[in-house]
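First the structure, in the form of structure tokens, and then the observations on it.
There are 2 protein chains.
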Amino acid sequence: MASKTQRPCSIAGTLGVIGEKYSVLVLREVFLGVRRFDAIARNVGAPRDVLAARLRRLVERGVLERVLYQDRPERYEYRLTQAGRELRPVLLTLMAWGDKHLGHEPPVIFEHDCGNDLLPVTVCAHCRAEVAEGSLRARHADPAWAAG
Amino acid sequence: MASKTQRPCSIAGTLGVIGEKYSVLVLREVFLGVRRFDAIARNVGAPRDVLAARLRRLVERGVLERVLYQDRPERYEYRLTQAGRELRPVLLTLMAWGDKHLGHEPPVIFEHDCGNDLLPVTVCAHCRAEVAEGSLRARHADPAWAAG
DNA sequence: CGGGTGGGTTTGAAGAGCAAACCCGCACCC
DNA sequence: GGGTGCGGGTTTGCTCTTCAAACCCACCCG
């Protein structure tokens, strides 16, 4: 978290929740159904103390929840909240860019219910057109930041 | 970059390019038309040395390019490459999640050419349906990672 | 009893981030 | 020609994170 003045922005806000190193990879695992500490640690390759801190933060911020899955000894697993589930488009767009630009074969492919391999595109909810290059104009709540 | 074994993944790959602190905010500024070092530094609130490192990396990795805009003294500005422009959906989905879940009014609203305020949604390119909850099945190139 | 598993916390060294100061070439102004 | 200011960084010295490895605890298995 930067303490200096910066442009007020929902991108920065979202990154305040999921922007630390490993957080997005943790979410990827939970989306794939991996919910336990050790398995997540193995799959993302994070140091255990850092992973513990990330999980705490993601729970605090309402993206994951800790769910008891056994007593004696008490063991918890991590699940997506509704807000967490709504991060799916973020992961999909990150994956799509990587698949296209990193110069390797996609390590994971998602088949969509429609029968095709998923290729996610981001469209305007109103007109359903893909958001093209010059098609947006920004309106700033605080005009002081309009030009930069 | 973690050096330990981890799931091969395009999300991780993309984060290797834009996942360090401030990188996405730098891209936000360039998308908004802010291209010069000082202005970017002001708007993202990053220390100047860190910003210099981030810009170097983003140029190296082909997301930005340094363009001479005056000689005497030589001055460069930073512009998106084609690969960089294709990160727009990543920024839009991050913004959309923040607008919905951070509990404040959106600081920036984009008007789309269709006349409405942009609400980005991520759909399957083939069937144009929004990617819903149980609608995907993962297929792993390396089956060792299939279950986690 | 000894070993293994799950889910962490502790420790000490190494690395990254930080604010502030500095530098350089130039333009402007008097 | 001397001072001021700007753009675009780099250097400095300190602090905060991250890291790998070790440790801990409760329990189960044989």
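These protein sequences, in sequence, are chains A and B. Each residue of the first sequence is one higher than the last, beginning at 1 in the working numbering. Each residue of the second sequence is one higher than the last, beginning at 1001 in the working numbering. The beta carbon of each residue, even a glycine, is placed where N, CA and C say it ideally should be.
Which residues DSSP lists as bridging residue i, in chain order
i, result
"T1122(B)", "T122(A)"
"D1117(B)", "E1111(B)"
"L1080(B)", "L1064(B)"
"A1039(B)", "DSSP, once it has assigned bridges, lists no residue as partnering A1039(B)."
"Q1006(B)", "Answer is none; Q1006(B) lacks a bridge partner."
"A1138(B)", "F110(A)"
"E1130(B)", "V1123(B)"
"R1075(B)", "Q1070(B)"
Residue-chain proximity (residue i, chain A), Cβ-Cβ < 8 angstroms
i, result
"A1144(B)", "no"
"P1008(B)", "yes"
"D1071(B)", "no"
"R1066(B)", "no"
"V1030(B)", "no"
"V1131(B)", "yes"
"E1086(B)", "yes"
"L1055(B)", "no"
"R1128(B)", "yes"
"V1026(B)", "no"
"R1075(B)", "no"
Neighbourhood of residue i by C-beta, 6 angstroms cutoff - its chain only, sequence neighbours within 5 removed
i, result
"E130(A)", "V121 and V123"
"S10(A)", "none"
is_contact[residue i, chain B] using C-beta, thresh 8 angstroms
i, result
"S135(A)", "yes"
"F37(A)", "no"
"D49(A)", "no"
"V59(A)", "no"
"L15(A)", "yes"
"A52(A)", "no"
"R79(A)", "no"
7 angstroms CB neighbourhood of residue i in its chain, flanking five on each side removed
i, result
"E29(A)", "I40, N43 and V44"
"V1067(B)", "Y1076, E1077 and R1079"
"G62(A)", "T81 and A83"
"G103(A)", "none"
"E74(A)", "L68"
"A1146(B)", "H1140"
8 angstroms CB neighbourhood of residue i in its chain, flanking five on each side removed
i, result
"E111(A)", "D117 and L118"
"D99(A)", "P106"
"I109(A)", "D117 and L118"
"V34(A)", "I40 and N43"
"L91(A)", "V24, L27, R28 and F31"
Cβ-Cβ separation, residue j to residue i (assumed contact under 8 angstroms), whole Å
i, j, result
"R56(A)", "S23(A)", "About 11 angstroms separates the two Cβ atoms, so there is no contact after all."
"F37(A)", "R88(A)", "With 8 angstroms as the limit, F37(A) and R88(A) do not qualify as a contact, their Cβ atoms being about 22 angstroms apart."
"W97(A)", "E1020(B)", "That belief does not hold up - the Cβ atoms of W97(A) and E1020(B) are roughly 16 angstroms apart, past 8 angstroms."
"C1127(B)", "C127(A)", "Their Cβ separation, rounded to whole angstroms, is 18 angstroms, which puts C1127(B) and C127(A) out of contact at 8 angstroms."
"L1058(B)", "L1064(B)", "4 angstroms"
Residues of the region 102-120 of chain A whose Cβ lies closer than 9 angstroms to any Cβ of chain B, in chain order: The region 102-120 of chain A vs chain B, Cβ under 9 angstroms: L102, H104, E105, P106, P107, V108, I109, F110, E111, H112, D113, C114, G115, N116, D117, L118, L119 and P120.
Contact residues within the region 87-101 of chain A, judged by C-beta distance below 9 angstroms to chain B: Residues of the region 87-101 of chain A whose Cβ lies closer than 9 angstroms to any Cβ of chain B, in chain order: L87, R88, P89, V90, L91, L92, T93, L94, M95, A96, W97, G98, D99, K100 and H101.
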